[in-house]
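**Q**
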Amino acid sequence: MSDSRSDSPTLRLRRLDASALELADVMREGRITTLFQPIVDPRSRGICGYEALTRGPSDSWLHAPQNLFEAARRADLKVELDFLCMQSAFKRFVAARAAGQLFINVSPDTIYEHPNFAERFVELARSEGMASDRVVIELTEESLLEDYDRLRSAMQRLRSAGCAIAIDDLGAGSSGLRTWSELKPDYVKIDRYFVTGIDADATKLEFVRSMLDMGRAMGCRVIAEGVETERECRELVDLGLDRLQGHLFGRPSTAPSAALQQVESLDRSIVTHTALCAEHIATYVPPVPPEMRVTEVADLFRDTPEQLSFPVVQDGRPLGVVRRERLFDLLAKPLHPEIFNKRPVTAVMESPTLLIDGQLRLEQVSRLVTQKGRPRLTEEFVITKDGRYHGLGQTIDVLRLITEQQLQSAKHSNPLTLLPGNAAVRSTVDKLIESRKRFIAAYFDLDSFKPYNDVYGYAHGDQVILHLAALLKNHFSARLDFVGHVGGDDFLVLMRSADWRERVVNVLERFAETVANFYSPEHAAAKSITATDRDGRQRKFPLLTLSVAALDSETMGATSADAVAHLLAHVKKYAKQQTGNSFVLRSDERIVDLLAAARRPPPDMLPMEQLMTSA
124 MSDSRSDSPT
134 LRLRRLDASA
144 LELADVMREG
154 RITTLFQPIV
164 DPRSRGICGY
174 EALTRGPSDS
184 WLHAPQNLFE
194 AARRADLKVE
204 LDFLCMQSAF
214 KRFVAARAAG
224 QLFINVSPDT
234 IYEHPNFAER
244 FVELARSEGM
254 ASDRVVIELT
264 EESLLEDYDR
274 LRSAMQRLRS
284 AGCAIAIDDL
294 GAGSSGLRTW
304 SELKPDYVKI
314 DRYFVTGIDA
324 DATKLEFVRS
334 MLDMGRAMGC
344 RVIAEGVETE
354 RECRELVDLG
364 LDRLQGHLFG
374 RPSTAPSAAL
384 QQVESLDRSI
394 VTHTALCAEH
404 IATYVPPVPP
414 EMRVTEVADL
424 FRDTPEQLSF
434 PVVQDGRPLG
444 VVRRERLFDL
454 LAKPLHPEIF
464 NKRPVTAVME
474 SPTLLIDGQL
484 RLEQVSRLVT
494 QKGRPRLTEE
504 FVITKDGRYH
514 GLGQTIDVLR
524 LITEQQLQSA
534 KHSNPLTLLP
544 GNAAVRSTVD
554 KLIESRKRFI
564 AAYFDLDSFK
574 PYNDVYGYAH
584 GDQVILHLAA
594 LLKNHFSARL
604 DFVGHVGGDD
614 FLVLMRSADW
624 RERVVNVLER
634 FAETVANFYS
644 PEHAAAKSIT
654 ATDRDGRQRK
664 FPLLTLSVAA
674 LDSETMGATS
684 ADAVAHLLAH
694 VKKYAKQQTG
704 NSFVLRSDER
714 IVDLLAAARR
724 PPPDMLPMEQ
734 LMTSA
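Using the numbering used here, read the sequence shown as starting at 124 and increasing by one per residue.
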């Protein structure tokens, strides 16, 4: 029996076979439509380019792109359809006098199957009046094959003509990371799966952050696709994404804009940051062209004795750097002047060299310049802006400014632990609430700490506090979570890691394993100390334990730092009543003992009114 459902595989195959003749007519008559979706730059808050998208006739089953291209593949017309789509995109983009770059989707299958793809592509662009250096070729990851040598060769010829290269839908297939490494593209586009709901999904957030870190290390710009909400936009901007694309900024349209317009949704979404970036330390040093001879560069160094490096730049794109010390060390060797003096500077330049995007925060720059060992403090690196040479920076300037920031931060930190103090905690809570980022606020409080101080003294008490601070710093993510010291033995952690429950439980377990080290052998063996209580009576107190009171930021009433503190006070009261370590979470009007849930199947959450009655 055949499957007659409208969405059945059998019926789909029949439609594909039946569409072969229609497809041939569509291609012969050029009845395809090219749409353009804007790509925005969050730094300039405007449109910087467009992706060309193809649709079949609106009254046909071939209107959907997946049907159109699958039918072409079955009819062995995929290569010619790809070139027809490219020609239509070039023609319409040029006719609209559109500004910015044009992103063109190209299947690697087409590159493999056409023996002279690069030459035909460039000639097609030229014939339609499209400048090659405004074209970005998007390779769809899901169709990448294993013939990387052939693909690299074609990409090199396209790059020589001025085209940029992008990998589309990174994360949608299985070959993305290898392709990224093999081709070293100018752009990668993160698949929309990782973008959708990123503001409420810490796992997706961490994935995107990792991709962005890899992009920085490889000198590659990262684009997020599928941005549809302002919350997603805020999160991605906060992460530092280079480009954004999605329905929030505009749906595909037949008419790309002729001007680089400001995007209203970006103005609403972006919170201005004042953090120092790499461009703040850039010093413009006139670059040298790649064809300049080594002897001429040596003369430049002699004429400017204070200059340590010169960037080698072609058409605004940095190729490498030539360093004074290394050049003169090379030329000091026997016969080397005769060998190298007449050669172009590319023969002696350092390439590849470290390229730092001007919008990177100094903390990110520091991580990049120090990850390959201990660089010289005066060593220079290239800073780019929009992929073009912007200036040189020095490691010593990065470290100096970071030190100044740390000193400024220390003024608002707890003097014992150097963790952010109460003012910084309040400010961070308010910013997270203002930007509508979901978080879990966890209050860590030591139980029986006053009796411990009375018996062992404040110096030993400080050691316990420092130990707890170290546990918190070691167990929480420096990039996703915020650890603050609000005073005394009280800490507040704002958690956005996906595995925040496990992190808290690990802190509690590690504290339980190590707390005996802060007692005498006798007290540790007895698991108690004798001290005076608040009523002046002598009694036994157990060894130190931790109470953790947590609050979901989406709980009704959590509208400010003061409101969060007020709500946490009630949860803390319940947590302190538990014996030993405790971990209690309030979410809306319910509460759950998460430490008990970690040891057994989660119990039902208690209603808040029942909790408060029992408390």
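No residue lacks a Cβ here, since even glycine has one placed at the ideal position from N, Cα and C.
Quantities reported herein were computed from a predicted structural model and do not represent experimental measurements.
With DSSP as the reference, please indicate the residues paired to Q368 in a beta bridge.
**A** I162.
**Q** Compare the C-alpha of R662 against each of E636, L454, V578, E414 and name the closest.
**A** Checking every option, the nearest Cα to that of R662 belongs to V578.
**Q** May I ask you to report which of helix, strand or coil DSSP gives C171?
**A** If DSSP states are grouped into helix, strand and coil, C171 belongs with the strands.
**Q** Please state whether DSSP places F567 in a helix, a strand or coil.
**A** Looking at F567 - three-state DSSP - the assignment turns out to be strand.
**Q** Kindly indicate which residue of V694, Q700, N704 has the alpha-carbon position closest to the one of R713.
**A** Cα-wise, what sits closest to R713 is V694.
**Q** Answer with buried or exposed for P475, where buried requires no fewer than 16 other C-beta atoms within 10 angstroms of its C-beta.
**A** P475 comes out exposed.
**Q** What does a CB cutoff of less than 7 angstroms around N545 pick up in its chain, not counting 5 residues either side in sequence?
**A** V609, G610, listed in sequence order.
**Q** Check for me: the alpha helix (DSSP H) holding T442 runs from which residue to which?
**A** Note that residue 442 is Leu in the sequence shown here, rather than Thr. Segment 440 to 446 is the beta strand (DSSP E) holding L442; no alpha helix (DSSP H) there.
**Q** Going by the CB atoms, is the gap between R709 and L669 shorter than 8 angstroms?
**A** No. Outside cutoff.
**Q** Can you tell me whether L185 is helix, strand or coil according to DSSP?
**A** If DSSP states are grouped into helix, strand and coil, L185 belongs with the helices.
**Q** Would the C-beta of P574 count as close to the ligand ATP, meaning under 7 angstroms from any of its heavy atoms?
**A** You won't find the ligand ATP in this model; it holds no ligand whatsoever.
**Q** Please report the residue range of the alpha helix (DSSP H) in which K695 lies.
**A** Taken as a continuous stretch (DSSP letters only), the alpha helix (DSSP H) holding K695 covers 684 to 699.
**Q** Are there three or more Cβ pairs, one per stretch, closer than 8 angstroms when the stretch 182 to 199 is compared with the stretch 144 to 157?
**A** Flag = yes, the stretch 182 to 199 and the stretch 144 to 157 touch.
**Q** CB F240 to CB A289, shorter than 8 angstroms?
**A** Cβ distance not < 8 angstroms, so F240 and A289 don't count as in contact.
**Q** In the DSSP output, what is A347 paired with across the bridge?
**A** Bridge partners of A347: I313, L367.
**Q** Would you check if there are 3 or more beta carbon pairs closer than 8 angstroms linking the stretch 342 to 352 to the stretch 613 to 627?
**A** Because the criterion of three Cβ pairs below 8 angstroms is not met, the stretch 342 to 352 and the stretch 613 to 627 do not touch.
**Q** What span of residues does the beta strand (DSSP E) with T655 cover, start to end?
**A** Run containing T655: 651 to 655, per the beta strand (DSSP E) assignment.
**Q** Could you give the distance in angstroms between the alpha-carbon of T397 and the alpha-carbon of P165?
**A** Model confidence at T397 stands at a pLDDT of 47, short of 50, so the residue's coordinates are unreliable and nothing is read from them.
**Q** Thinking V521 and Y512 are a contact (beta carbons under 8 angstroms), I'd like their distance in whole angstroms, please.
**A** Contact doesn't hold; Cβ gap of about 19 angstroms is too wide.
**Q** Here's the rule: buried if 16 or more other CB atoms are within 10 angstroms of the residue's CB, otherwise exposed. What is G179?
**A** It counts as buried.
**Q** Keeping to the same chain, check which residues put their C-beta closer than 7 angstroms to that of L617; ignore five residues upstream and five downstream.
**A** So the list reads T551, V552, L555, F562, A564, D604, F605, once near-sequence residues are dropped.
**Q** Can you give the Cα-Cα distance for T177 and M337, rounded to whole angstroms?
**A** Cα-Cα distance, rounded: 31 angstroms.
**Q** So for P238, helix, strand or coil by DSSP?
**A** Coil, per DSSP.
**Q** Since E203 and M150 are thought to touch, with beta carbons under 8 angstroms apart, how far apart are those beta carbons, to the nearest angstrom?
**A** Correct: roughly 7 angstroms between the Cβ atoms.
**Q** May I ask you to report which of helix, strand or coil DSSP gives N629?
**A** Looking at N629 - three-state DSSP - the assignment turns out to be helix.
**Q** Determine the DSSP secondary structure at E251, reduced to helix, strand or coil.
**A** Coil.
**Q** What do you get for Y407, buried or exposed, if any count of 16 or more other CB atoms within 10 angstroms of its CB means buried?
**A** Counting Cβ neighbours within 10 Å, Y407 comes out exposed, since fewer than 16 surround it.
**Q** Taking the alpha-carbon of L595 as reference, which of K201, H583, L615 has the nearest alpha-carbon?
**A** Checking every option, the nearest Cα to that of L595 belongs to L615.
**Q** Evaluate R657 with the Cβ neighbour count: other Cβ atoms within 10 Å of its Cβ, from every protein chain shown; 16 or more gives buried, anything less gives exposed.
**A** Exposed, by the Cβ-count rule.
**Q** Measuring alpha carbon to alpha carbon, tell me which of A635, V687, Q700, L717 ends up nearest L667.
**A** It is A635.
**Q** Whole angstroms is fine: what's the gap from D361's alpha carbon to F330's?
**A** So the two alpha carbons sit approximately 15 angstroms from each other.
**Q** With the cut-off set at 8 angstroms, would you say K312 and E358 are in Cβ contact?
**A** Result no, Cβ atoms of K312 and E358 do not sit closer than 8 angstroms.
**Q** DSSP three-state call for D291: helix, strand or coil?
**A** In the structure shown, D291 sits in a strand (DSSP, three-state: E or B).
**Q** Give the C-beta separation of S380 and A593 to the nearest angstrom, bearing in mind that I take them to be a contact with Cβ-Cβ under 8 angstroms.
**A** No, S380 and A593 are not in contact; Cβ-Cβ is about 54 angstroms, not under 8 angstroms.
**Q** Specify, as a first and last residue, the run of the beta strand (DSSP E) that G516 falls within.
**A** Segment 511 to 517, the beta strand (DSSP E) holding G516.
**Q** To the nearest angstrom, how far is it from the Cα of F226 to the Cα of V259?
**A** Approximately 5 angstroms between the Cα atoms of the pair.
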